[in-house]
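Novice: Whatever position you read off the sequence shown (first residue = 1), add 15 for this note's numbering. Don't be surprised by glycine CBs; every beta carbon is placed ideally from N, CA and C. Just so we're clear, the structure is a prediction, and the values are computed from it rather than from any experiment. The structure's right below; bear with me while I get my questions together.
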Amino acid sequence: MLNSLKYLRPYLARYKWKYLAGGVFVLLTNAFRITNPRIVQQAIDYLQKDFHLSQLAIYAALMVLVSLLEGTFLFLMRKSMIVASREIENDLRNDFFAKLTSMPPSYFQSMSTGDIMSRATNDLTAVRSLVGPGIAYSTNTIFAFLFVIPMMIYISPRLTLYALAPFPVIAVLVNRFGKAIYRRFEKIQYQFSELSTRAQENLSGSTMIKWFAREEYEIEQFRHANEEFMRRSISHAKVQAAFHPSLMLTIGISIALVILIGGQLIIAGTITLGEFTAFLLYAS
Numbered sequence: 016m017l018n019s020l021k022y023l024r025p026y027l028a029r030y031k032w033k034y035l036a037g038g039v040f041v042l043l044t045n046a047f048r049i050t051n052p053r054i055v056q057q058a059i060d061y062l063q064k065d066f067h068l069s070q071l072a073i074y075a076a077l078m079v080l081v082s083l084l085e086g087t088f089l090f091l092m093r094k095s096m097i098v099a100s101r102e103i104e105n106d107l108r109n110d111f112f113a114k115l116t117s118m119p120p121s122y123f124q125s126m127s128t129g130d131i132m133s134r135a136t137n138d139l140t141a142v143r144s145l146v147g148p149g150i151a152y153s154t155n156t157i158f159a160f161l162f163v164i165p166m167m168i169y170i171s172p173r174l175t176l177y178a179l180a181p182f183p184v185i186a187v188l189v190n191r192f193g194k195a196i197y198r199r200f201e202k203i204q205y206q207f208s209e210l211s212t213r214a215q216e217n218l219s220g221s222t223m224i225k226w227f228a229r230e231e232y233e234i235e236q237f238r239h240a241n242e243e244f245m246r247r248s249i250s251h252a253k254v255q256a257a258f259h260p261s262l263m264l265t266i267g268i269s270i271a272l273v274i275l276i277g278g279q280l281i282i283a284g285t286i287t288l289g290e291f292t293a294f295l296l297y298a299s
């Protein structure tokens, strides 16, 4: 992703303040995100010793307040970065069209209409997803990791080790599935170009097609191209469908290990029930 972003630096620089504001909101979001499990921990440990409804009401009110603040800053983070990505997309489309109008006729002889349409639609949409949700969620994940791991280690270094044990497997899954998804996406883009070119040529040459009575032939050719596009899209969807369950299964195994070992630590008195609950919330 970083390699792709270097070509977009001039566009990102125009909206740097929105991205910087988004980064601040990411920090605040994660700061409040790690607070709620600590409140839950204190509430559960308090219930193990005593019970006063007024004290529980305070814990509940704190959780609601922290959740509202977390949600507010998450919204502001998304608003800053997603709006910036839409503005970058608008700039890219304007620059793309301006560049097309300055190209010599030889360029349009070597490039099909489908290729140009594919770049003007699907490709620019993919770029917008990269500079919007791509940056927002990647930044959020990195900061969440940096905030949460120290809290988990503080509660129990041993449990943290078990919770992080499947991470090498997750890294392999992300790498393998990422490459497979990328290859299939490229094939979809190529076929979309072919489909767009065929549609454009048939529309612009409809009179010639009728003169030579080639309607059935062109309909059949378009149907084949459309079916190939569908086949490639389904192949892409299948890989994506397999990726998320595989990821969730690996994470589920990690949580199961945490519950198994954590239960033993509670029985041994190494950690409290509240600490274990907070750890589970962090791990999930």
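1) If we ignore side chains and look at the alpha-carbon of each, how far apart do Tyr30 and Tyr22 end up?
2) Between Val273 and Ala180, is the Cβ-Cβ spacing less than 7 Å?
3) With Val146 and Ser100 assumed to form a contact (beta carbons below 8 Å), what rounded beta-carbon distance in angstroms separates them?
4) What number of angstroms, rounded off, separates the C-alpha of Val184 from the C-alpha of Glu243?
5) Are the stretch 115-124 and the stretch 71-85 touching, with three or more C-beta to C-beta distances below 8 Å?
6) What are the boundary residues of the alpha helix (DSSP H) that includes Arg325?
7) Answer with buried or exposed for Phe291, where buried requires no fewer than 16 other C-beta atoms within 10 angstroms of its C-beta.
8) Around the Cβ of His259, are there at least 16 other Cβ atoms within 10 angstroms (buried) or fewer (exposed)?
9) For Thr128, which residues in the same chain have their Cβ closer than 6 Å to its Cβ, ignoring the five residues on either side in sequence?
10) Which whole-angstrom value is the C-beta distance of Arg48 and Glu85, which I expect to be below 8 Å?
11) Please state whether the Cβ-Cβ distance between Leu295 and Ile286 is less than 7 Å.
12) So what's Gly284 in DSSP terms, helix, strand or just coil?
13) What did DSSP end up calling Arg229 once you bin it into helix, strand or coil?
14) Using alpha carbons as the reference points, say which of Tyr232, Thr87, Phe88 and Gly277 lies closest to Thr175.
15) Using CA coordinates, which residue listed in Phe207, Tyr232, Gln206 and Leu139 is at the minimum distance from Asn217?
16) Quick check: the stretch 96-115 against the stretch 50-65, are at least 3 beta-carbon pairs closer than 8 Å?
17) Using the C-alpha atoms, what's the distance from Leu275 back to Thr154?
18) Below 8 Å on the Cβ atoms is my guess for Thr265 versus Leu139; work out the distance and round it to an integer in Å.
19) Consult DSSP for Tyr30 and reduce its assignment to one of helix, strand or coil.
20) Which ranges does the alpha helix (DSSP H) cover as unbroken runs of at least 4 residues, wholly within the stretch 149-219, from first to last along the chain?
21) Which class does Ser121 belong to by DSSP, given the choice of helix, strand or coil?
22) I need the straight-line Cα distance from Gln191 to Ser221, nearest angstrom please.
23) Helix, strand or coil for Ser133, going by three-state DSSP, please let me know.
24) Quick check on the burial criterion: 16 or more other C-beta atoms within 10 angstroms. Buried or exposed for Asn105?
25) How would you call Gly267, buried or exposed, if buried means at least 16 neighbouring beta carbons within 10 angstroms?
Specialist: In this structure, then:
1) 15 Å
2) no
3) 5 Å
4) 34 Å
5) no
6) With the chain represented from 16 up to 299, any question about residue 325 goes unanswered, as that position is not in the structure.
7) buried
8) exposed
9) Thr212 and Gln215
10) 5 Å
11) no
12) coil
13) coil
14) Gly277
15) Tyr232
16) no
17) 32 Å
18) Rounded, the Cβ-Cβ distance is 34 Å, inconsistent with contact.
19) coil
20) 150-170, 172-179 and 182-219
21) helix
22) For the sequence presented, residue 191 should be read as Arg rather than Gln. If I take the Cα positions, the gap works out to 45 Å.
23) helix
24) exposed
25) exposed
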